[in-house]
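If you're matching them up, the sequences are chains A and B in order. In my numbering, each residue's number is its place in the first sequence (first place is 1) plus 82. In my numbering, each residue's number is its place in the second sequence (first place is 1) plus 82. Cβ atoms here follow ideal geometry from the backbone N, Cα and C, with glycine treated the same way. For clarity, every value in this text was computed on a predicted model and none was experimentally measured. Right, one structure below, let's go through it.
Number of protein chains: 2
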Amino acid sequence: MTLSEKNFTFVMHCGEMGSRWGFNRTIGQMCGLLIITKNPMTANEIADSLSISRGNVSMGIKELQSWQLIKVQHIPGDRKEYYAPAGDIWDMANRVFEERKKREIDPTLSLLRDNLLDEASNEEEIYAQKQMGEIHNLLETVTKWSSELQRLTPEQLNKLMKLGSGIGKVIDLKDKIFKKE
Amino acid sequence: MTLSEKNFTFVMHCGEMGSRWGFNRTIGQMCGLLIITKNPMTANEIADSLSISRGNVSMGIKELQSWQLIKVQHIPGDRKEYYAPAGDIWDMANRVFEERKKREIDPTLSLLRDNLLDEASNEEEIYAQKQMGEIHNLLETVTKWSSELQRLTPEQLNKLMKLGSGIGKVIDLKDKIFKKE
DNA sequence: ATTAACTTTCAGTAATTTCAGAAACTAAAT
DNA sequence: ATTTAGTTTCTGAAATTACTGAAAGTTAAT
């Protein structure tokens with residue numbers, strides 16, 4: 083089964099974007115391919131569709147599983163493993179976001195925490211520590227906020243997103259109401 | 083002027099994280115270094131502090147300027163260029179965020195827009211197009227939302243962030259109020 | 001218009017990352 | 001216990017990316 087031209091273009095685009103999204107070209111392609119393909123695919127089908135080696139697909143699968151972006155399925159009476167996206171687009175985006183937070187923010191947060199426990203021992207370290215404190219604040223805020231968003235129900239989240247510029251008004255509103263109490 | 087051990091550790095950490103944040107090791111180090119150093123630095127000071135070549139620093143500066151993360155300063159009677167972070171930590175994070183959106187989201191958004199204009203011509207393309215539509219929605223929402231956040235005043239933003247789990251309640255609240263009208 | 005102080009560019013090299021294909025492994029069916 | 005259908009791991013080659021150091025470029029002072 084060969085890809086239609088339009089679908090092929092999309093898959094290749096996912097490849098180009100792959101490294102920007104946190105993985106590599108092949109893995110980007112695999113991810114795009116599985117998303118637009120209705121039926122689950124075997125590793126060999128993936129390798130053929132993308133003209134890459136079977137070994138490479140195997141490594142890619144492992145990686146995509148570590149991101150929790152794909153799941154394995156079995157068809158009764160068939161020994162092959164079939165792969166499909168794990169969840170809908172929104173779920174997948176969430177996973178990517180979470181995983182990237184883990185890789186891009188958490189390590190720094192923990193370094194900064196450690197550092198801020200130590201007393202600075204001179205002028206230069208005092209300034210540095212002040213700056214690190216700022217970064218720490220920022221990252222904590224982002225982290226807290228993102229976990230709050232995860233906690234909202236899909237409907238709430240949807241309302242929030244749709245709110246758009248209204249968000250400013252709502253904040254002010256909330257402010258007025260609670261100031262009274 | 084050589085870095086204290088603690089500061090050195092931080093700068094090296096920024097290097098390790100560099101590629102995850104969208105640039106490379108050296109540029110990560112440069113960025114970290116400039117952030118924790120109180121006084122603006124010359125290119126040579128940067129090269130010495132990090133033990134990298136002068137040419138490399140020059141390229142790094144260009145890159146950091148393209149991200150709008152640093153600015154040049156001059157000291158009267160001194161021909162050297164002095165570099166310092168452009169803005170506070172929040173500003174910088176914003177710039178990184180914006181720039182990454184440009185690289186990681188915008189190209190895909192435009193590809194998807196184009197694709198969705200075409201009529202799908204068979205079963206397979208219909209499904210693919212449905213999925214692409216989902217991705218398109220998601221990315222549009224993220225884009226819109228992030229530009230809304232940029233539009234808020236710092237105080238509003240701060241309130242919003244502090245709101246934390248309260249956000250759910252506020253949404254419901256807003257809902258009730260406007261349903262009456 | 002020369003020199004001196006500084007910056008940028010760039011060609012070649014070094015380091016890293018990605019990949020194919022072969023070999024090793026696993027487990028179901030016979 | 002062999003065969004067969006399948007998956008994973010690993011090595012070295014290829015491609016990409018990052019870096020150095022030297023050469024070229026710029027600008028201000030003399």
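Item, Value
"Span of the alpha helix (DSSP H), counted from its first residue to its last, around histidine 218(A)", "205 to 233"
"Range of the contiguous alpha helix (DSSP H) that encloses glutamate 201(B)", "It is not in any alpha helix (DSSP H) - glutamate 201(B) carries neither H nor E in the DSSP assignment."
"Distance CB(glycine 137(A))-CB(isoleucine 109(A)) smaller than 8 angstroms", "no"
"Backbone CA spacing between valine 154(A) and asparagine 176(B) [nearest angstrom]", "38 angstroms"
"Whole-Å CB distance - serine 86(B) paired with glutamate 207(A), under 8 angstroms assumed", "6 angstroms"
"Contact check, glycine 246(B) vs lysine 226(A), beta carbons under 8 angstroms", "yes"
"The beta strand (DSSP E) enclosing glutamine 155(A), as first and last residue numbers", "152 to 156"
"Closest residue to aspartate 160(A) among Lys244(A), Gln111(A) and Met123(A) (Cα-Cα distance)", "Met123(A)"
"Beta-carbon proximity of isoleucine 171(B) to glutamate 216(A), cut-off 8 angstroms", "yes"
"Pairwise C-alpha distance: tyrosine 164(B) and asparagine 240(A)", "47 angstroms"
"Residues that proline 167(B) bridges to, as DSSP identifies them", "Ile152(B)"
"Close Cβ partners of valine 139(B) (< 6 angstroms) along its chain, the five nearest in sequence each way excluded", "Ala125, Ile128 and Ala129"
"Assumed close pair leucine 221(B), leucine 234(B) - CB separation to whole angstroms, cut-off 8 angstroms", "Between leucine 234(B) and leucine 221(B) the Cβ distance is about 21 angstroms, and since that is not below 8 angstroms, they are no contact."
"Sub-8 angstroms separation of glutamate 181(B) and tryptophan 149(B) beta-carbons", "yes"
"Residues of the region 83 to 103 of chain A whose Cβ lies closer than 7 angstroms to any Cβ of chain B, in chain order", "Ser86, Lys88, Asn89, Phe92, His95, Met99, Arg102 and Trp103"
"Three-state secondary structure assigned by DSSP to glutamate 263(B)", "Its pLDDT being 49, under 50, glutamate 263(B) is placed unreliably by the model, and the measurement read from it follows with that caveat. Three-state result, glutamate 263(B): coil."
"Cβ-Cβ distance between arginine 102(B) and arginine 102(A) below 8 angstroms", "no"
"Backbone CA spacing between valine 224(A) and glycine 104(A) [nearest angstrom]", "19 angstroms"
"Chain B contact residues for tryptophan 149(A), given Cβ-Cβ distances below 8 angstroms", "What tryptophan 149(A) touches in chain B: nothing, since even the nearest Cβ is about 14 angstroms away."
"Collapsed DSSP secondary structure at methionine 123(B) in the structure displayed", "strand"
"Selection from Thr190(B), Asn121(B) and Ser192(B) that minimises the alpha carbon distance to histidine 156(B)", "Asn121(B)"
"Buried versus exposed, by CB contacts within 10 Å (16 or more), lysine 88(B)", "buried"
"Under 7 angstroms (Cβ pairs) to chain B, residues found in the region 213 to 236 of chain A", "Gln213, Met214, Glu216, Ile217, Leu220, Thr223, Lys226, Trp227, Glu230, Arg233 and Leu234"
"Secondary structure of asparagine 138(A), DSSP reduced to three states", "helix"
"Cutoff 8 angstroms: isoleucine 128(A) Cβ touching any chain B Cβ", "no"
"Counted within 10 angstroms of its Cβ, other Cβ atoms place asparagine 197(B) as buried (16 or more) or exposed", "buried"
"C-alpha distance - glutamine 209(A) paired with alanine 168(B), whole-angstrom precision", "The sequence shown places tyrosine at residue 209(A), not glutamine. Their backbone Cα atoms lie some 17 angstroms apart in a straight line."
"Backbone secondary structure at threonine 108(B) - three-state DSSP", "helix"
"Chain-ordered chain A contacts of proline 189(B) [CB-CB under 9 angstroms]", "His95, Glu98, Met99 and Arg102"
"Contacts that glycine 250(B) makes with chain A (C-beta to C-beta distance below 7 angstroms)", "Leu234 and Gln238"
"Arginine 195(A) - DSSP class collapsed to helix/strand/coil", "helix"
"Where the region 132 to 165 of chain B meets chain A: residues whose CB sits under 8 angstroms from a CB there", "none"
"CB contact check: leucine 193(B) to chain A, cutoff 8 angstroms", "yes"
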